[in-house]
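Letter 194 of the sequence shown, counting from 1, is numbered 263 in my numbering, and no numbers are missing.
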Amino acid sequence: MTPERLQRLTAVLEKRQPDLTVVLENVQDPHNISAVMRTCDAVGVQEIYILNTDIPKHKKWGAKSSSSAAKWLTIHQFNDIQSCFEALRKKYSKILLTHLAADSIPLHQIDFTQSVALVFGNEHSGVSDGLVALCDGNFIIPQVGIIKSLNISVACAVSLYEAFRQKSIAGHYEKQRLLVEQMESLRNKWGLEDES
70 MTPERLQRLT
80 AVLEKRQPDL
90 TVVLENVQDP
100 HNISAVMRTC
110 DAVGVQEIYI
120 LNTDIPKHKK
130 WGAKSSSSAA
140 KWLTIHQFND
150 IQSCFEALRK
160 KYSKILLTHL
170 AADSIPLHQI
180 DFTQSVALVF
190 GNEHSGVSDG
200 LVALCDGNFI
210 IPQVGIIKSL
220 NISVACAVSL
230 YEAFRQKSIA
240 GHYEKQRLLV
250 EQMESLRNKW
260 GLEDES
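The structure is reproduced here in structure tokens:
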């Protein structure tokens, strides 16, 4: 790997945000998942959680594509809610989901300077009732159109860019936030990916 490439990978890792993640529950279309991954990479989210309780485990995300972000992310796959939430609770203070309910708050009221996991549900039925019961709250993306829903990848992008905006203002991208060991591990892994 060239020194320039190493410098580029290091610069990207220095912007990664370990206190922000996305959880996708039973999202069926791998193109939607790939689009979410590209947005995660773009705003510095390193880890993503894929929860498949009703559909088979995904085997690929379009990794052959030159624009695939999967190789730059740490992907955790689960097939049961309990294991997924045990892992999330170890790392994130709040788990919020997109769910239309009386107590839903607008996206812009979420404090993204705190540790947050955002949960997005299936393209057709949204998040499951079992998941709703385990989360700390609901949020909605304000809309004024007739159709009151967005594509999963669009909803995720809008949400993550609000997080990006808040975290930028708070200075979260101005200093390295990954632990040194994690940064070294990812830099080594990315160096191998780069050569393959």
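Cβ atoms here follow ideal geometry from the backbone N, Cα and C, with glycine treated the same way.
Just so we're clear, the structure is a prediction, and the values are computed from it rather than from any experiment.
Query, Result
"Validate contact between the region 102-114 and the region 190-205 using beta carbons, cut 8 angstroms, 3 pairs", "no"
"Cβ contact (3+ pairs, closer than 8 angstroms) linking the region 171-187 and the region 198-214", "yes"
"Alpha-carbon to alpha-carbon, Lys258 and Ile216", "43 angstroms"
"Backbone secondary structure at Pro99 - three-state DSSP", "helix"
"Per-residue DSSP class, three states only, for Thr122", "coil"
"Ser237, buried or exposed, once every other Cβ within 10 Å from all chains shown has been counted against 16", "exposed"
"Check whether Ile117 and Val91 have beta carbons under 8 angstroms apart", "yes"
"Ser162 classed as buried or exposed, judged by whether at least 16 other C-beta atoms fall within 10 angstroms", "exposed"
"Segment limits, beta strand (DSSP E) that includes Leu89", "89-94"
"Cα-Cα separation, Thr71 to Asp149", "42 angstroms"
"Among Ile210, Gln235, Tyr242, the one whose alpha carbon lies nearest that of Ile223", "Looking at the sequence shown, residue 223 is not Ile but Val. Cα-wise, what sits closest to Val223 is Ile210."
"Candidates Ala138, Ser184, Thr167, Ile144: closest to Lys159 by CA position", "Ser184"
"For Ile150, the first and last residue of its enclosing beta strand (DSSP E)", "Unbroken run through Ile150 is the alpha helix (DSSP H), 150-160; no beta strand (DSSP E)."
"Other residues of its chain near Gly199: CB distance less than 6 angstroms, five sequence neighbours each side excluded", "Ile150"
"Ser152 versus Pro125 - alpha carbon distance", "17 angstroms"
"Whole-number beta carbon distance between Arg256 and Thr79, since they are thought to touch under 8 angstroms", "6 angstroms"
"Whole runs of the alpha helix (DSSP H) within the region 211-251, excluding any shorter than 4 residues", "221-238"
"Helix, strand or coil at Leu165 according to DSSP, with G and I counted as helix", "strand"
"Residue environment, Leu261, which counts as buried when at least 16 other CB atoms sit within 10 Å", "exposed"
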